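Colleague: Structure in structure tokens, see below.
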Amino acid sequence: GAGVSQSPSNKVTEKGKDVELRCDPISGHTALYWYRQSLGQGLEFLIYFQGNSAPDKSGLPSDRFSAERTGGSVSTLTIQRTQQEDSAVYLCASSLAASRYEQYFGPGTRLTVT
Amino acid sequence: AQRVTQPEKLLSVFKGAPVELKCNYSYSGSPELFWYVQYSRQRLQLLLRHISRESIKGFTADLNKGETSFHLKKPFAQEEDSAMYYCALYNQGGKLIFGQGTELSVKP
């Protein structure tokens, strides 16, 4: 079956603009995760959803970052007033449930803020 | 605080040589650990988890609670093993805490 998909695959934006990154999880997976992969920082957890609710937003770096999930499926990560330090690869993952199940990762969105 | 440390950014070995990628963790409970791998131009994928005690592609990893380590080992490295390897710790609520990653380069 289809894996986790993300769009766009690449995004170049000017500093100060807002961006939206989209994630389509594997059908039937109730848990969805966002991570950020940047040089020197490795992989950082941002937020996860169980269904449509987000029990853990502890990884969001600032209030410019927000995420939502609708219908227990698609999720959108929004970054407002982008800064150059937001440049990174944003990874989405999904799993059957928010527990010890394997997380399946998408290909990522490479965000470049100029 | 929960933390995963991979001390080596880059590990270079020759084909057929043994390889060990180091991972140490800090966790106040019973840890659950994973190794994820990312091959060139592919997405991140699970390699193995300590709870299943399996060997995948010749790799094994043993959890050592005394040394708080979960090192990844393979007796004979292959060129196709060249990739980025991440050690990860499962945290309550489902999120994974990743190490910085180790790039393994296997030379012919």
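Residue numbers (my numbering), protein chains in the order written: chain H, -18 to 95; chain L, 5 to 112.
Where a beta carbon is used, it is the ideal one built from N, C-alpha and C, also for glycine.
Predicted, not measured: the structure shown is a model, and the values here were computed from it.
(1) Taking just the CA atoms, how far does H:Pro42 sit from L:Leu51?
(2) Measuring straight from C-alpha to C-alpha, what distance separates L:Thr72 and L:Phe102?
(3) Which of the three DSSP states is assigned to H:Asp44 in this structure?
(4) Could you give the residue range of the beta strand (DSSP E) that holds H:Tyr29?
(5) Inspect the beta-carbon positions of H:Gly(-3) and L:Gln104 and report whether they are closer than 9 Å.
(6) Which residues, in order along the segment 59 to 83 of chain H, keep a beta-carbon less than 9 Å from a beta-carbon of chain L?
(7) Rounded to a whole number of angstroms, what is the C-alpha to C-alpha distance between L:Met88 and H:Tyr14?
(8) Under 6 Å Cβ to Cβ from L:Phe18, same chain only, skipping five residues before and after it: list those, please.
(9) List the residues of chain H that L:Leu25 touches, going by C-beta distances under 7 Å, in chain order.
(10) Identify each residue in the segment -7 to 17 of chain H for which the Cβ-Cβ distance to at least one residue of chain L is less than 7 Å, and report them in chain order.
(11) Indicate whether L:Glu36 and L:Tyr94 have their beta-carbon atoms separated by less than 9 Å.
(12) Classify H:Ile60 as helix, strand or coil using the three-state DSSP reduction.
(13) In chain order, what residues of the same chain lie with their CB nearer than 8 Å to the CB of H:Tyr82, ignoring the 5 residues before and after it?
(14) Provide the residue span of the beta strand (DSSP E) that contains L:Phe102, from first to last.
(15) Taking L:Leu15 as the reference, give the member of L:Gly62, L:Leu100, L:Leu76, L:Leu48 with the closest Cα.
(16) Check whether the Cβ atoms of H:Leu2 and H:Thr90 lie closer than 9 Å to each other.
(17) Check for me: the beta strand (DSSP E) holding H:Tyr14 runs from which residue to which?
(18) If you draw a straight line from the alpha carbon of H:Glu25 to that of L:Phe80, how long is it in whole angstroms?
(19) Less than 6 Å between C-beta atoms, sequence neighbours within five positions excluded: which residues of the same chain meet that for L:Arg53?
(20) Pull up the DSSP beta-bridge partners for L:Asn68, would you.
(21) Residues of chain L with a CB under 7 Å from the CB of H:Pro88: which are they?
Modeller: Taking the definition as stated:
(1) As a position in the second sequence, residue 51 of chain L is number 47, starting the count at 1. As a position in the first sequence, residue 42 of chain H is number 61, starting the count at 1. Cα to Cα, the separation comes out at about 29 Å.
(2) Within the second sequence, numbered from 1, the residue matching residue 72 of chain L stands at position 68. Within the second sequence, numbered from 1, the residue matching residue 102 of chain L stands at position 98. Rounded to the nearest angstrom, the two C-alpha atoms are 15 Å apart.
(3) Reading the first sequence from its first residue, position 63 is the one you call residue 44 of chain H. If DSSP states are grouped into helix, strand and coil, H:Asp44 belongs with coil.
(4) Numbered from 1 along the first sequence, position 48 holds the residue referred to as residue 29 of chain H. Unbroken beta strand (DSSP E) run through H:Tyr29: 23 to 31.
(5) The residue you call residue -3 of chain H lines up with position 16 of the first sequence. The residue you call residue 104 of chain L lines up with position 100 of the second sequence. Taking 9 Å as the Cβ cut-off, H:Gly(-3) and L:Gln104 do not qualify as a contacting pair.
(6) Leu72, Ala74, Ser76, Ala78, Ala79, Ser80, Arg81, Tyr82, Glu83
(7) Position 84 of the second sequence, counting from 1, holds the residue named residue 88 of chain L. Position 33 of the first sequence, counting from 1, holds the residue named residue 14 of chain H. Rounded to whole angstroms, L:Met88 to H:Tyr14 spans 21 Å at the Cα level.
(8) Here residue 18 of chain L corresponds to residue number 14 of the second sequence, with the count starting at 1. Closer than 6 Å at Cβ, skipping near neighbours: Lys111.
(9) The residue you call residue 25 of chain L lines up with position 21 of the second sequence. Result: empty, since nearest Cβ-Cβ is about 14 Å, beyond 7 Å.
(10) Ala12, Tyr14
(11) Counting from 1 along the second sequence, the entry for residue 36 of chain L is found at position 32. Counting from 1 along the second sequence, the entry for residue 94 of chain L is found at position 90. It is a contact, given that the beta carbons lie within the stated cut-off.
(12) As a position in the first sequence, residue 60 of chain H is number 79, starting the count at 1. Looking at H:Ile60 - three-state DSSP - the assignment turns out to be strand.
(13) Looking up residue 82 of chain H in the first sequence gives position 101. Answer for H:Tyr82: Ala12, Ser76, listed in chain order.
(14) In the second sequence, residue 102 of chain L corresponds to position 98, counting from 1. L:Phe102: member of the beta strand (DSSP E) spanning 100 to 102, first to last residue.
(15) Within the second sequence, numbered from 1, the residue matching residue 15 of chain L stands at position 11. Nearest option by C-alpha distance: L:Leu76.
(16) Stepping through the first sequence from its first residue, residue 2 of chain H is reached at position 21. Stepping through the first sequence from its first residue, residue 90 of chain H is reached at position 109. Yes, the pair counts as a contact, with Cβ atoms nearer than the cut-off.
(17) Stepping through the first sequence from its first residue, residue 14 of chain H is reached at position 33. Taken as a continuous stretch (DSSP letters only), the beta strand (DSSP E) holding H:Tyr14 covers 12 to 19.
(18) Here the question's residue 25 of chain H lines up with position 44 in the first sequence. Here the question's residue 80 of chain L lines up with position 76 in the second sequence. H:Glu25 and L:Phe80: Cα-Cα distance of roughly 31 Å.
(19) Here residue 53 of chain L refers to the residue found at position 49 when the second sequence is read from its first residue. The residues are Phe38.
(20) On the second sequence, position 64 is the one that residue 68 of chain L refers to. L:Asn68 pairs with L:Ser73.
(21) For the purposes of this step, residue 88 of chain H is taken as the residue at position 107 of the first sequence. Under the 7 Å cutoff, chain L gives Arg47.
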